[in-house]
Amino acid sequence: MRRVLSASARPSGDASSAASRGGANDEERTAARESRETLRTEFPFELPRGYVDDAGTVHRSGVMRLATARDELIPLRDDRVRENAAYLSVVLIARVVSRIGTVDDIHPGVIEDLFASDLAFLQDFYRRINAEGHTRAAVTCPSCQENFAVDLAGGGGPGES
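In our numbering, the protein residues as written are 435 to 595.
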């Protein structure tokens, strides 16, 4: 049974009610806005080095979708995973990456052909979007020691966050 609270029945600390009263700070308004948005299921990324296809073309941009329970269970039945547990990430990443460049037939063979740095990037990207729900990472500038966030999905130019 689904229960919906009316605006007057919501707890006073609720970010959406605080935002509607006009007394919310920026953080509360952002949280209220994000809670009204639809669930994001696909995340673009830029590989550090790129996938090189049979023709020698380098593909760097891609899309990864959120994993389902099935995505995490099916690879456990794969004989390659049973023989070598390290192969689990290859099969799992192949299930959730829907495109790399113009290549949209992503299978374990494609993931096997990635550079190690690209596989490590995709493993971290998978963890971020499925466990943390976003692609941002907190970083510190090595020169000025200022803290800021960068979006690991890429898309910006050098030096942009």
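Virtual Cβ for every residue (Gly too), placed ideally from N, Cα, C.
Quick check on the DSSP output: the alpha helix (DSSP H) that includes residue i runs from which residue to which?
{"i": "F549", "result": "That residue, F549, is in no alpha helix (DSSP H); it is neither H nor E in DSSP."}
{"i": "L507", "result": "503 to 507"}
{"i": "R483", "result": "Where R483 is concerned, there is no enclosing alpha helix (DSSP H), although the beta strand (DSSP E) it sits in stretches over 476 to 486."}
{"i": "D539", "result": "It is not in any alpha helix (DSSP H) - D539 carries neither H nor E in the DSSP assignment."}
{"i": "E517", "result": "513 to 517"}
Indicate the three-state DSSP secondary structure (helix, strand or coil) for residue i in the structure shown.
{"i": "A528", "result": "helix"}
{"i": "S577", "result": "coil"}
{"i": "S442", "result": "Unreliable placement is indicated for S442, whose pLDDT of 40 sits below 50; the coordinate value is still reported in the next sentence. In the structure shown, S442 sits in a helix (DSSP, three-state: H, G or I)."}
{"i": "S450", "result": "Here the model assigns S450 a pLDDT of 46, short of 50, so the residue's position is not dependable and the matter cannot be decided."}
Looking only at C-alpha atoms, which of the options sits nearest to residue i?
{"i": "L500", "options": "T574, R561, N459", "result": "R561"}
{"i": "S495", "options": "Q579, E566, G535", "result": "G535"}
{"i": "L481", "options": "F555, I563, N581", "result": "F555"}
{"i": "F479", "options": "V525, V524, E506, S532", "result": "S532"}
{"i": "Y485", "options": "D538, V573, E461", "result": "D538"}
{"i": "E566", "options": "L526, E462, R474", "result": "R474"}
{"i": "D512", "options": "R504, V525, T491, T502", "result": "V525"}
{"i": "E506", "options": "I527, N459, S551", "result": "I527"}
{"i": "R488", "options": "G543, S523, N581", "result": "A quick correction: the sequence has Asp, not Arg, at residue 488. Of the listed residues, the one whose Cα sits closest to D488 is G543."}
{"i": "A503", "options": "R529, N518, Y521", "result": "R529"}
{"i": "H493", "options": "S577, V573, D547", "result": "D547"}
{"i": "I563", "options": "N518, N459, E476, C575", "result": "E476"}
{"i": "A520", "options": "L553, R483, E462", "result": "L553"}
{"i": "M498", "options": "N581, I545, P576, E461", "result": "I545"}
Please report the residue range of the beta strand (DSSP E) in which residue i lies.
{"i": "R499", "result": "492 to 499"}
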